[in-house]
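In order, the protein sequence lines correspond to chains A and B. Taking the working numbering, the leading residue of the first sequence gets 1, the next gets one more, and so forth. Taking the working numbering, the leading residue of the second sequence gets 217, the next gets one more, and so forth.
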Amino acid sequence: MPNVMTSQDKTERIKLKAYRALVVGGLLLVIAGALSIPFVYESQTLWYKIGLDKTFLRGGQMIGLLAAVLLFVQILLAARGKFLKELFGIAALMRWHRTNGIVISFLAVSHALLILVPEGITNLPIGKKYWPEMVGMLLLCIVVAMAVSSHFREKLRLNYKRWRAIHKLLGYLVIMFLAVHVLFVSESFEQIVPRAALLIFFAGVVISIILSKKTK
Amino acid sequence: MKRLSFLTMALVGLVLTGQTATATVRDWQLDTVHSNFYFRISHIYSIVNGQFNDFTGEIKFDPKNLAESRFYFEIKTDSIDTNNAKRDKHLQSGDFFDSGTFPPMIFESVKITDAGNNVYEVLGKFTVKGETYDLTLPLTLAGVKNHPAAQDKEVIGFNGEVTIDRLAYKVGTGKFHEMGLVGKDVEILVTLEALSDK
């Protein structure tokens, strides 16, 4: 007997597609908003950069913000809440989580290089007064370590349970460090709209994690 | 034999005289907590103040023996402090001091002359970003006295002001000056206290 799709199934499929499009569209909107911050809420640091230095710095800021958005998404993918599971399925979420982790690492390294090159690689922001930058450096190390240890877990012979526990803990730490780094490193986030957007996004991620744990 | 004895005595006398002359030039230990190299520079309409937090120095000073007196300062450019971390980092970059490539600024006196009224013109070699320039630093001897808080010490003080064109020392290329952002004339206040055992 051939599979006949009922009108209810069709409605469900359309609904699913619509929700998926909404989620992807929403994400693209958030990314667009984040990437506009270095232009609309330009930091004073950019005013004192000319030519290629300005391009590098602005580019570095944009890449950093993209990495930040993807990091928040990464946590949502890892949390695998009921809503996302129903929309995309666990296999897709896990696959995207793995790929996203690699992408975030590359973006984070690129962000650091583009930000540091205009000031000089021999002029690294190390010291108490550069604490937001140093939080960023710590964040970079953790993100890269997480990506490497995940990608090469079997080759490194890391016990799965132990690796997973550490990976989860580091994931939560990364989000906290990220919020602190972004809030305090850039003058752009001293302004109301970007600051509020970051805090709302951060709160949204935290709430999603809590809800996803409750519905498991 | 007599000539030899005479020569020997003359030589000994010369050495002793030299030692006596050197001994009158007092060594003063720079009190870095109560000394600094402050600077002021204009930014559009305002004035930005700053200082250097890491420096060392040697002071040998005797107003009666200026020939043997000496001022030597080594200032770490990466210790620049204008009360803004991002600005400080920019000042350390290639746009200004290039601290990574040229860590210290050095001033070494060559000749000190008494200009009267306790003012001493200290002509020296000023090395910035690897290049050495002549610079005269006028220092006013504020005084010498027993240290009010340390009974076994004496304290000497100097204050001096000089205005320099930072572009002449290649601290900046002039692009920010042309934009009307940052001035080129830097007012420097050198204020020194140094200690010596009584």
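Built from N, CA and C at the ideal position, the CB exists for glycine as well.
- Closer than 7 Å to the CB of residue 100(A) there is not a single CB belonging to chain B.
- Here the C-alpha atom of residue 28(A) lies approximately 15 Å from the C-alpha atom of residue 37(A).
- Within the same chain, 208, 209 and 212 come within 7 Å of residue 79(A) by CB-CB distance, once the 5 residues on both sides are set aside.
- Residue environment: residue 99(A) is assigned as exposed (fewer than 16 neighbouring CB atoms within 10 Å of its CB, all protein chains considered).
- Note that the C-beta distance between residue 107(A) and residue 66(A) is below 7 Å.
- Taking 8 Å as the upper bound for CB-CB distance, residue 68(A) and residue 178(A) are in contact here, some 6 Å apart.
- Residues are counted here when their Cβ sits less than 9 Å from a Cβ of chain B; for the segment 113 to 126 of chain A these are 118, 119, 120, 121, 122, 123, 124 and 125, given in chain order.
- Contact annotation: in the segment 309 to 335 of chain B, residues whose CB is within less than 9 Å of a CB in chain A are 309, 310, 311, 314, 315, 316 and 317.
- In the three-state DSSP reduction, residue 333(B) falls in the coil class, being neither helix nor strand.
- Taken through DSSP and simplified to helix, strand or coil, residue 160(A) comes out as helix.
- Here residue 34(A) is buried: its Cβ has 16 or more other Cβ atoms, across all protein chains shown, within 10 Å.
- Residues of the same chain with a CB within less than 7 Å of the CB of residue 84(A), apart from the 5 flanking positions on each side, are 76 and 93 in chain order.
- In the displayed model, residue 366(B) falls within coil according to three-state DSSP, outside both helix and strand.
- Per DSSP, the beta bridge partners of residue 321(B) are 291(B).
- Under the DSSP assignment, residue 410(B) falls in the beta strand (DSSP E) whose first and last residues are 401 to 413.
- Contacts with chain A at 7 Å (Cβ-Cβ) include residue 306(B).
- The beta-carbon separation of residue 331(B) and residue 324(B), rounded to 20 Å, does not stay under the 8 Å limit for a contact.
- Boundaries of the alpha helix (DSSP H) harbouring residue 55(A): 52 to 79, taken from the DSSP string.
- For residue 11(A), not one C-beta of chain B is nearer than 7 Å to its own C-beta.
- Cβ neighbours of residue 111(A) within its own chain (closer than 7 Å, five residues either side excluded): 60, 63, 64 and 67.
- Residue 189(A) counts as buried, since at least 16 other C-beta atoms from the protein chains shown sit within 10 angstroms of its C-beta.
- Each residue's CA atom was taken as its position, placing residue 320(B) and residue 196(A) some 43 Å apart.
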